[in-house]
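Take the sequence shown: its letter number 315 is residue 523 in the working numbering, and every next letter is one higher. Every residue gets a Cβ at the ideal spot worked out from N, C-alpha and C, and that includes glycine. In what follows, a single structure is set out as structure tokens and then discussed.
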Amino acid sequence: MTKKLLKFVDLKQETPLKRETDKRRKDFNEIYNQFINDKAKEQSSRCSQCGVPFCQIHCPLSNNIPDWLKLTAEGRLKEAYEVSQSTNNMPEVCGRICPQDRLCEGNCVIEQSGHGTVTIGSIEKYITDTAWEKGWVKPVKVTKELKQSVGIIGAGPAGMACAEELRKLGYQITVYDRYDRPGGLLIYGIPNFKLEKFVVERRTKLLKESGIKFVQNFEVGKNKTLNELRKEHDSILIATGVYKAREIQVPGQELKNIFSAMDFLTASNKKGLGDKVELFENGTLNAEGKSVVVVGGGDTAMDCVRTAVRQKAKSVKCLYRRDRENMPGSSREVGNAEEEGVEFIWQTSPKQFLGRDKVKEIEVLKMSLGNPDSSGRKKPIAQAGSEFKISADLVIKSLGFDPENLPQLFDAEELAVSQWGTIKINLKSMQTNLDGVFAAGDIVRGASLVVWAIRDGRDAAEQIDIYLQKKIKNNKIKEVA
Ligand SMILES: Cc1cc2nc3c(=O)[nH]c(=O)nc-3n(C[C@H](O)[C@H](O)[C@H](O)COP(=O)(O)OP(=O)(O)OC[C@H]3O[C@@H](n4cnc5c(N)ncnc54)[C@H](O)[C@@H]3O)c2cc1C
Ligand code: SF4
């Protein structure tokens, strides 16, 4: 029907109706932009410019927040953007997805005095979105090309930030990634409703226009070993993130329709990007009409429940073994999920998954809370005889991520890792135990935040530059291309 109608309506043809619609749209956009602009100004002017900028201290990038708030309040948006981008490679991303309640905004003096925080994240997003719209965001212009090349493994925020900073200095940069698109968890982990994919794609396009080479579908360990890459580049950065999903070790886990959070979120993100995703199309990884149960209490679990709601699940439940106060995820995200109709079943843990071929029910155990464990949160203790059942036809496991076995995967047994499998680095030089090989982001910290990955990527770029300049000085490598 819609197709038939479209045949008769040529949307490009100039008609009085189209002219009127275009004019109304333009008027609406103008009013809306003015409204947002006024809101940003009003919020920015609430900043008291306090002597000790607690917001800046609690921002991992030490963003100069009071200055760009002042500039925004004065309507000097271009200058605000310049200040904001000088410490952050993706302010529009951080503005959207930083857990501001735990970082800048949570430490705003006005918030502390009970008057509600200045909405720093939204203003940061507004400034940078405006900069993109006005064409102020430009690719890197290299003034002096250098001969040295750096190979970056992983096109997530850590790899991308490092690539951009090194390119500014003139280095030749190649970023290798096993996914088909750059962005790491920005593209395939974090859902579109939190971070629209065009925001990530325009950043990677900009990096390509800056002369950074991206090699996709390239898995280090499979396509080339780490040592082979070391021979091709003067320095290497490992920024591969953490991807080994933690498992639930209970009977019935082999049943069908039990998936990991990344399987579920990647399918949903790929679908949103217009890819053909067979497991989504045949209904396997689509929550529509299903009773969905997500196991876990972190931010990834919140992304899963909220994605399932958007896919029109029949019901969405979240099982978490501790209580609300002891949840690892952001309380803001839990509130959002509750508002959207997600049911939280606190202090419960799966005992077994039940069903013949596919999962049909979960037998769960009630938990009581003991003394704090190594995570600082109260230790859950199973209560014998407290079992009850919950029906489920799609279960998503979201218990967190550990690093993969990188030394084995990279065919580099000599690469030193910690007892948790994260890469060991010298915290000052960011270098691993291998000469010229650096590491940054989640693969060093364990699962963390985008803003920390950006910070690490920037720090690594600085250290790689120091390392390479030393080599040039000692005549070990030539300088100019
Ligand atoms: C579902 C989800 C939601 C999240 N939401 C938020 C949020 O709202 N706010 C926030 O701040 N943080 C969030 N995070 C955390 C955040 O995404 C990560 O901390 C951040 O992306 C880490 O950046 P990274 O560059 O270290 O690694 P990643 O983003 O994981 O990127 C690593 C890249 O390395 C590539 N790679 C891995 N191994 C190889 C190999 N052998 N060869 C080649 N390439 C390889 C991967 O394909 C990937 O592209 C979320 C995480 C998840 C899982
Ligand atoms: S980067 Fe994150 S923590 Fe820093 S100012 Fe922006 S939103 Fe706040």
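Query: Through-space distance from K597 to P558, alpha-carbon basis; Result: 9 Å
Query: R389 to F262 span [Cα, whole Å]; Result: 37 Å
Query: For A369, the nearest candidate out of W340, G419, R666, W660 (CA to CA); Result: R666
Query: Contact check, A447 vs A366, beta carbons under 8 Å; Result: yes
Query: Contact test: V659 Cβ vs ligand 2 heavy atom, cutoff 7 Å; Result: yes
Query: Every unbroken beta strand (DSSP E) inside the region 299 to 337 [3 residues or more]; Result: none
Query: Near ligand 2: L269 beta-carbon under 7 Å from a heavy atom; Result: yes
Query: Range covered by the beta strand (DSSP E) that runs through A590; Result: 586 to 590
Query: I466 beta carbon less than 8 Å from that of F561; Result: yes
Query: Contact set for L214: own chain, Cβ-Cβ below 6 Å, skip 5 residues either direction; Result: With a pLDDT of 48 at L214, under the threshold of 50, the modelled position of that residue is not reliable, and the figure given next carries that caveat. Result list for L214: empty, nothing under 6 Å.
Query: Buried/exposed call for T630, threshold 16 Cβ in 10 Å; Result: buried
Query: Short Cβ contact (8 Å threshold) for S292 with N271; Result: yes
Query: Any non-hydrogen atom of ligand 1 within 7 Å of L393 CB; Result: yes
Query: Collapsed DSSP secondary structure at D664 in the structure displayed; Result: helix
Query: Ligand 2 heavy atom lying under 7 Å from the CB of C316; Result: no
Query: Beta-carbon gap between I456 and V503 smaller than 8 Å; Result: yes
Query: The region 319 to 329 in contact with the region 339 to 354 per 3-pair CB rule at 8 Å; Result: no
Query: Residue span of the beta strand (DSSP E) that contains E571, given as start and end; Result: 569 to 580
Query: Spatial distance of D601 from S499 (CA atoms); Result: 5 Å
Query: Helix, strand or coil at L213 [DSSP, three-state]; Result: Residue placement at L213 cannot be trusted, given a pLDDT of 48 that sits under 50; what the coordinates show is reported in the next sentence. L213: helix per DSSP, three-state reduction.
Query: Other residues of its chain near G497: CB distance less than 6 Å, five sequence neighbours each side excluded; Result: K522
Query: V524 versus S539, S538, N494, E533, residue with shortest Cα-Cα distance; Result: N494
Query: Cβ-based burial, K432 [other Cβ within 10 Å; buried from 16]; Result: buried
Query: C-alpha distance - A363 paired with L225, whole-angstrom precision; Result: 46 Å
Query: Which residues DSSP lists as bridging D610, in chain order; Result: K452
Query: Closest residue to K352 among T325, Q380, V358 (Cα-Cα distance); Result: Q380
Query: L473 CB to nearest heavy atom of ligand 1 below 7 Å; Result: yes
Query: Given P459 as reference, the closest of Q616, V572, K333, I273 once Cα atoms are compared; Result: V572
Query: I328 CB to nearest heavy atom of ligand 2 below 7 Å; Result: yes
Query: Where V503 falls: helix, strand or coil (DSSP); Result: strand
Query: DSSP three-state assignment for V485, whether helix, strand or coil; Result: coil
Query: Cβ neighbour criterion (16 or more within 10 Å) applied to G506; Result: buried
Query: Rounded straight-line distance, which links the Cα of G563 to that of V383; Result: 45 Å
Query: Inter-residue Cα distance where the pair is T474 and K484; Result: 12 Å
Query: Integer Cβ distance of I633 from A647, believed to fall under 8 Å; Result: 5 Å
Query: Best match in D664, L311, D309, P299 for proximity to T336 [C-alpha to C-alpha]; Result: P299
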